[in-house]
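Comments concern the structure below.
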Amino acid sequence: MSTDGLTPVANWKAQGLSDAGMRPGGHVIVQALMAQGVGTVFGVPGESFLAALDGFHAHEPHIRFIACRQEGGAAFMAEAQGKLTGRPGVCMVTRGPGATNASIGIHTAFQDSTPMVVIVGQVGADFRDREAFQELDYRQFFGPGTLGMAKWAAEVGDAARLPEYIARAFHTALQGRPGPVVLSVPEDVMSAMTDVPVLPQIEVACTVPAAHGIQRWRSLLQAAQRPLVIAGGSGWTSGSACALQDFAQAWNLPVACGLRFQDTFDNWHPLYVGDAGIGINPALAERIRQADLVMALGIRLGEMTTSGYTLLQAPRSHQQLVHLHPGAEELGRVYAADVLLQASLASMDEVLAALGKPGQAPVWASWTQAAVADYVRNREHVPVQPMDMAAVVKTIERLAPPDTIYTNGAGNFSGWLHRYLRYPGLATVGKTQLAPTSGAMGYGLPAAVAASLTHPHRTVINLAGDGDFLMNGQEMATATGYGAGRQAGALISIVVDNGAYGTIRMHQEREYPGRVSGSDLYNPDFAALARAYGWAAETVVQTDAFEPAFARALCLGGPALIHLKLPTDVITSRTTLQAIRAAALQRDAQN
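To convert, count from 1 in the sequence shown and add 849; that's the working numbering.
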């Protein structure tokens, strides 16, 4: 949306311009995106969509093309914007290498259920099927399916049908379980002239379950002794998240969040019990095993949330299970639940209101109280030197503004953020967590850049590992070039440097103690690198030096990087490499 409340296309039309008349297909694409409310497109320019680039030029400043440094970073930025806004983030890339580079962000959007539209320039029709320069069949490469990379992949063969395809792409990306859509547009379609008008903005069709399903859910809940909610997934709104909190409070239910969806439920709420994901609190894992009713709301019950399908046995868990999800194809896919409910997460206020309130005080007060106490104990830590990551994260939480957006990629470093940071939740300040449930490294920095450009008045903080950061560190140039972090909100990247691919090193020591191969990292001076990109930067090697460095970064008025040096031995928030190796050697000796 533009600052005056009009969509980009309405703003443009208000100035007397039109989407009618003869113009190239590339201009039609830009206009059709504007009609869907798109104001920013991320990408890397390519010769296969020059007509679209000309369309962006023609329609500035109503829509902008953010030129990124690599298509993987661009796709991550679009995915992050989709997470933040609930509308499809848009990425435009060229054929062949451009599209394959972008595939990491498309896969992340698929696994994270994030609405996203990717437009790929394609070889012209006159060269097709000859293995022309950089030619691929994107319908096969991104082909839809339950284990595919996109919800829908199509190729547009006629410029007059571009608005139809783009409207359908947005519809498909948004309906049911959200996800990515890939549209391939040949060069000759980009340049072909047409007078076709664009189509109006697609709205999400909301679904609610039948009354008998909700009644069955209520019956199970009334009969339970040890119930527990696991919430998450894509599509929650502030209103539906508020309804979830009201529901939990009315029934006195302990609420956990799925992997990297911790901002679904306010972590400061007295009923929050932690996150069910990588590095789960062992006490919470045991609570899930002991529960007699698990209510999985909006979340895919995937490998990480279920700890390898062990917390809930597949295909039939010993706990009674209510599974609510917006995608019909997800329900019953892994678990034969007692109650299966298809519902749009935006309509959860209506769904949860239909459950009503308990007729009498629930009998599980001590169960809930104990689960909350487990979470409180899990945030305690024993200080370590010279760099205490738990203290670092707690300092960030204390000093950062309440509506700060936090981003991270994949790696053991993220365990400190997930364990010790309390996300305020969608119900209070909106989306605050951007992180890949797909486990994609390199996500955090591009996501932070996109968040800063999307919400320039909110502070954005990226926590990255050294291996994770360098996979897309070049996007610091994108941040500098487009002014990210230079308005009211700060943009800060904190790089945790332990000189190793930490997750791999941890697994090596556990499975092959002392036999290290391929997991050492040879790093640059991250602070010097950031300064070369125009960022302010500091290196911090002691815990007590972090707070003043972070306070300075918050008020700089420009992007900043803090380089933290961490001993390799401090491998997770729970243990050390030395302890893992010793346990593995003892195990091997006994065998």
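No residue lacks a Cβ here, since even glycine has one placed at the ideal position from N, Cα and C.
| Check | Outcome |
| --- | --- |
| Extent of the continuous beta strand (DSSP E) run through ASP1124 | 1121 to 1125 |
| Spatial neighbours of THR794 in its chain, beta-carbon cut-off 8 Å, leaving aside the 5 residues before and after | An answer regarding residue 794 cannot be provided, because it is not within the stretch 850 to 1440 covered by the chain. |
| C-alpha gap between LEU1077 and ILE1129, whole angstroms | 15 Å |
| Beta-carbon proximity of ILE1063 to ALA1203, cut-off 8 Å | yes |
| Own chain, CB closer than 6 Å to TRP1001, minus 5 neighbours either side, in chain order | PRO993, THR1021, VAL1030 |
| Option nearest TRP1213 by Cα separation, candidates LYS932, LEU1142, ASN1347 | LEU1142 |
| Per-residue burial, THR1159 [other beta carbons within 10 Å of its own, 16 or more giving buried] | exposed |
| Where the beta strand (DSSP E) through GLN971 begins and ends | 965 to 971 |
| Three-way DSSP call (helix, strand, coil) for GLU1004 in this model | strand |
| Segment limits, beta strand (DSSP E) that includes THR1388 | 1385 to 1389 |
| Residue span of the alpha helix (DSSP H) that contains VAL877, given as start and end | 874 to 884 |
| Endpoints, alpha helix (DSSP H) assigned at PRO1076 | Run containing PRO1076: none in the alpha helix (DSSP H); it sits in the beta strand (DSSP E), 1076 to 1080. |
| Beta-carbon proximity check, MET1325 vs ALA1379, cutoff 8 Å | yes |
| Exposure label - TYR1361; buried when at least 16 CB within 10 Å | exposed |
| Cβ neighbour criterion (16 or more within 10 Å) applied to ARG1226 | exposed |
| Range of the contiguous alpha helix (DSSP H) that encloses LEU1248 | 1238 to 1248 |
| Alpha-carbon to alpha-carbon, GLY870 and GLY1293 | 42 Å |
| When VAL890, ALA1163, GLU896, ALA1072 are compared against PHE905, the one with the closest alpha-carbon | VAL890 |
| Those residues which DSSP pairs with LEU1283 across a bridge | THR1256 |
| GLY1264 versus GLN971: straight-line alpha-carbon distance, rounded | 41 Å |
| For PRO1012, the nearest candidate out of LEU1201, GLY1025, ASP1044 (CA to CA) | ASP1044 |
| Inter-stretch contact at 8 Å, needing at least 3 Cβ pairs: the segment 1138 to 1156 / the segment 1165 to 1182 | yes |
| ARG1268 - DSSP class collapsed to helix/strand/coil | helix |
| Span of the beta strand (DSSP E) around LYS1414 | 1409 to 1414 |
| Exposure label - GLU1179; buried when at least 16 CB within 10 Å | buried |
| Proximity to SER1040 [Cα-Cα], best of ARG1307, PHE898, ALA1239 | PHE898 |
| C-beta contact flag for HIS1061 and GLN1094 at 8 Å | no |
| Sequence ranges, beta strand (DSSP E) only - wholly within the segment 1161 to 1220, length at least 3 | 1169 to 1174, 1188 to 1191 |
| Start and end residues, beta strand (DSSP E) containing THR889 | 889 to 892 |
| C-alpha gap between LYS1243 and GLN1234, whole angstroms | 16 Å |
| N- and C-terminal bounds of the beta strand (DSSP E) containing ASP961 | From DSSP, ASP961 is part of no beta strand (DSSP E) but of the alpha helix (DSSP H) over 946 to 961. |
| Burial state of LEU1133, where buried means 16 or more other Cβ atoms lie within 10 Å | buried |
| Residues that DSSP places opposite ASP1314 in a beta bridge | At residue 1314 the sequence reads Gly, which differs from the Asp that was named. Answer is VAL1345, bridged to GLY1314. |
| Coil, strand or helix - PHE1110 by DSSP | coil |
| Proximity of MET965 and GLU909 at Cβ, strictly below 8 Å | no |
| Buried or exposed by the 16-neighbour rule on C-beta atoms within 10 Å, applied to SER1260 | Here residue 1260 turns out to be Gly, not Ser, going by the sequence shown. Label assigned to GLY1260: buried. |
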